[in-house]
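Comments concern the structure below.
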Amino acid sequence: MSTFVVVGLQWGDEGKGKITDVLSAKSDYVVRYQGGNNAGHTVYVGADKFVLHLLPSGVLQCRGKCIIGNGVVVDPSAFLREIQSIEERGLKTDHVFISRRAHIIMPYHILYDTYREEAAGHLSIGTTKRGIGPCYEDKVARHGIRAIDLLNPQVLKEKLEENISIKNAIFEKLYNKPPMDFEEIYRQFLHYGDILKDRIVDTELELNHAIDQGQNVLFEGAQALMLDIDFGTYPYVTSSSPSTGGVCVGAGVPPTKLQNLIGVAKAYCTRVGNGPFVTELNNEIGDKIRETGFEFGATTGRPRRCGWLDLVALKHACMINGITHLVITKLDVLSGFDKIQVCTAYKTEDDRIIDYFTSSTTKLDLYEPIYEELDGWQEDITGINSFDQLPEKAQKYIQFIENYLGIEVYLVSVGPDRSQNIIRKELF
Ligand code: GDP
Ligand code: IMO
Ligand code: MG
Numbered sequence: 000m001s002t003f004v005v006v007g008l009q010w011g012d013e014g015k016g017k018i019t020d021v022l023s024a025k026s027d028y029v030v031r032y033q034g035g036n037n038a039g040h041t042v043y044v045g046a047d048k049f050v051l052h053l054l055p056s057g058v059l060q061c062r063g064k065c066i067i068g069n070g071v072v073v074d075p076s077a078f079l080r081e082i083q084s085i086e087e088r089g090l091k092t093d094h095v096f097i098s099r100r101a102h103i104i105m106p107y108h109i110l111y112d113t114y115r116e117e118a119a120g121h122l123s124i125g126t127t128k129r130g131i132g133p134c135y136e137d138k139v140a141r142h143g144i145r146a147i148d149l150l151n152p153q154v155l156k157e158k159l160e161e162n163i164s165i166k167n168a169i170f171e172k173l174y175n176k177p178p179m180d181f182e183e184i185y186r187q188f189l190h191y192g193d194i195l196k197d198r199i200v201d202t203e204l205e206l207n208h209a210i211d212q213g214q215n216v217l218f219e220g221a222q223a224l225m226l227d228i229d230f231g232t233y234p235y236v237t238s239s240s241p242s243t244g245g246v247c248v249g250a251g252v253p254p255t256k257l258q259n260l261i262g263v264a265k266a267y268c269t270r271v272g273n274g275p276f277v278t279e280l281n282n283e284i285g286d287k288i289r290e291t292g293f294e295f296g297a298t299t300g301r302p303r304r305c306g307w308l309d310l311v312a313l314k315h316a317c318m319i320n321g322i323t324h325l326v327i328t329k330l331d332v333l334s335g336f337d338k339i340q341v342c343t344a345y346k347t348e349d350d351r352i353i354d355y356f357t358s359s360t361t362k363l364d365l366y367e368p369i370y371e372e373l374d375g376w377q378e379d380i381t382g383i384n385s386f387d388q389l390p391e392k393a394q395k396y397i398q399f400i401e402n403y404l405g406i407e408v409y410l411v412s413v414g415p416d417r418s419q420n421i422i423r424k425e426l427f
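At the far end of the sequence shown sits residue 427, using the numbering used here, and the numbering has no gaps.
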């Protein structure tokens with residue numbers, strides 16, 4: 000039994016796609032278990048850039064199957080566009096399957112997401128407007144449409160009629176927007192069912208068998224712990240559980256089968272969308288990180304907010320996820336700073352010093368970071384692939400993180416390409 004879970008430990012965009020791609024070369028299955036096409040996972044293969052939104056990043060080099068698990072919300076048109084763009088680049092996609100239990104993002108979810116964000120004004124969450132939240136809401140309300148429903152015209156008709164009548168009432172009365180046409184959506188989604196029927200399968204049995212037979216199964220998280228619906232900066236979060244715990248409910252694999260829990264964090268922090276960010280740098284240092292790290296959203300193109308590494312938040316993320324292996328990405332982006340700050344505690348609004356994360360999002364906004372200052376390094380490290388060859392100060396930076404968290408950094412990423420890694424211990 001060999002299972003691997005790759006999760007984000009900050010606010011997303013840590014480089015999960017790159018790490019998943021690297022690990023997928025030896026994987027028999029690569030599985031997405033939550034989120035949807037709000038994700039943007041970038042993989043560079045030489046000069047070729049791939050941005051995966053819904054397909055597991057393993058699609059490029061996994062030798063077995065890529066699964067979109069039951070916990071994912073699937074926009075069929077986004078799925079088909081992505082399949083097409085991958086195939087146009089000469090790659091196969093016949094190894095990609097969708098769980099029959101996965102919920103389907105419908106056009107009204109995307110509209111609802113958009114109308115609600117617009118109406119919220121300064122209280123908006125800054126969602127990706129991909130319909131993620133409204134789709135999960137319908138799932139929990141028990142009137143969502145699942146992938147399996149696309150294969151049954153009668154069930155689809157009944158569910159769609161019910162959903163459209165509810166959404167039309169909301170759109171017209173609450174947002175003064177035009178109603179949607181049942182016929183058009185029904186025809187379109189029956190068509191999706193027809194095109195996708197061979198890819199819509201039961202996945203939990205196969206995954207459990209594969210694990211029992213000793214195959215390598217890799218779970219790829221989207222978003223990250225600070226965007227987790229329970230443990231992130233609620234309500235400025237996404238609507239799923241990106242944590243390692245999310246694998247159990249989002250793929251149907253029990254906790255007893257999860258082994259290597261790999262947490263990915265950047266050497267600094269970024270966030271897209273609204274919500275508290277204690278170490279945010281609204282100054283030239285933040286701008287420098289954004290420019291050097293090319294910190295612009297892979298899904299929406301929005302500039303990412305940038306700041307120093309927040310070890311208080313990272314410790315919280317490692318605890319909730321039970322991280323066994325740490326990956327630090329984008330260390331190369333920190334080359335060229337004289338001094339680097341690392342947040343090791345927070346100063347509260349009433350001047351207390353705390354070193355744990357809080358559930359109060361409003362209070363978090365008032366906290367100030369307490370920094371430890373470390374020496375920076377000037378060298379270009381993008382060609383280095385052994386830890387000993389890193390500048391001593393870069394080594395010290397990694398060791399500082401390890402000591403604070405009490406977890407080993409098993410891989411340091413020093414560039415976007417597949418090959419730009421310092422692997423300190425082979426996982427498999
Ligand atoms: P994900 O959502 O966690 O998969 O991350 P994204 O793909 O949204 O954002 C990470 C960005 O950083 C992508 O453009 C990657 O190509 C890039 N990247 C990943 N690792 C490194 C690294 O070590 N150094 C640099 N410079 N870029 C990296
Ligand atoms: P990857 O997988 C960064 C953010 C949005 C918004 C909040 C809610 O690439 O790391 P949603 O559309 O999910 O309802 O938006 O979550 N968000 C992400 N931020 N990376 C992501 O994915 C994200 N997916 C959602 O910006 O703040
Ligand atoms: Mg991303």
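Glycine included, every Cβ here is placed at the ideal spot set by N, Cα and C. All figures in this text were calculated on a predicted structure; none of them were measured in a lab.
With 16 other Cβ atoms within 10 Å as the buried cut-off, status of residue i
i, result
"Asp27", "buried"
"His208", "exposed"
"Val139", "exposed"
"Gly405", "exposed"
"Ile67", "buried"
"Gly220", "buried"
"Gln212", "exposed"
"Tyr32", "buried"
"Gly255", "The sequence shown places Thr at residue 255, not Gly. Exposed, by the Cβ-count rule."
"Val408", "buried"
"His40", "buried"
"Gly57", "buried"
"Ser164", "exposed"
"Lys64", "buried"
"Asp47", "exposed"
"Gly300", "exposed"
"Arg351", "exposed"
Own chain residues within Cβ distance below 6 angstroms of residue i, not counting five before or after
i, result
"Tyr185", "Leu159"
"Ala77", "Asn36, Leu53"
"Lys438", "In the structure displayed, the chain extends from 0 to 427; residue 438 sits before or after that span and is not available."
"Gly249", "Tyr32, Gln33, Gly68, Gly70"
"Asp291", "Here residue 291 turns out to be Thr, not Asp, going by the sequence shown. So the list reads Val332, once near-sequence residues are dropped."
"Ser98", "Gly68, Asn69, Thr202"
"Tyr403", "Leu310"
Sequence-distant residues of the same chain with beta carbon closer than 8 angstroms to residue i, five excluded per side
i, result
"Asn162", "Met105, Tyr107, Asp137, His142, Ile144"
"Ser385", "Ile421"
"Glu425", "none"
"Ala101", "Ile67, Gly68, Asn69, Gly70, Val71, Val72, Val73, Arg145, Ala146"
"Asn273", "Ser123, Ile124, Gly125, Tyr235"
"Cys247", "Pro253, Pro254, Leu257"
"Asp193", "none"
Under 8 angstroms between C-beta atoms of residue i and residue j
i, j, result
"Val411", "Leu330", "yes"
"Leu8", "Leu313", "yes"
"Ile288", "Cys305", "yes"
"Thr2", "Ile210", "yes"
"Glu294", "Thr278", "no"
"Val326", "Gly262", "yes"
"Lys128", "Ile147", "no"
"Ser334", "Val6", "no"
"Leu363", "Pro275", "yes"
"Val271", "Gly231", "no"
"Lys17", "Val44", "no"
"Val4", "Phe218", "yes"
"Phe399", "Gly375", "no"
"Ile103", "Thr92", "no"
Cβ neighbours of residue i in the same chain (closer than 7 angstroms, five flanking residues each side left out)
i, result
"Thr167", "Looking at the sequence provided, one finds Asn at residue 167 rather than Thr. Only Pro178, Met179 meet the Cβ criterion."
"Lys25", "Asn215, Phe427"
"Tyr191", "Pro75, Leu149"
"Gln419", "Thr381, Ser412, Val413"
"Lys176", "Tyr114, Phe170"
"Glu283", "none"
Assess, as a yes-or-no matter, whether the segment 76 to 94 is touched by the segment 216 to 224 under the definition of 3 or more beta carbon pairs within less than 8 angstroms. In short, these stretches do not touch, since the Cβ pair count stays below three.
Would the segment 365 to 375 count as touching the segment 332 to 346 if we require 3 or more Cβ pairs under 8 angstroms? Enough Cβ pairs lie closer than 8 angstroms, so yes.
At least 3 beta-carbon pairs within less than 8 angstroms: the segment 230 to 238 vs the segment 120 to 136: The segment 230 to 238, when compared against the segment 120 to 136, does touch it at the 8 angstroms Cβ threshold.
What alpha helix (DSSP H) runs, 4 residues minimum, are completely inside the segment 92 to 174? With a minimum length of 4 residues, the continuous alpha helix (DSSP H) runs that stay inside the segment 92 to 174 are 106 to 119, 131 to 140, 152 to 174.
Going residue by residue through the segment 13 to 88, where are the continuous alpha helix (DSSP H) segments of at least 4 residues, counting only ones entirely within it? Within the segment 13 to 88, the complete alpha helix (DSSP H) runs of at least 4 residues are 15 to 23, 75 to 87.
Curious, which full-length beta strand (DSSP E) runs of at least 3 residues does the segment 308 to 369 contain? For the segment 308 to 369, the continuous beta strand (DSSP E) assignments of 3+ residues that do not extend past its boundaries occur at 324 to 328, 338 to 346, in sequence order.
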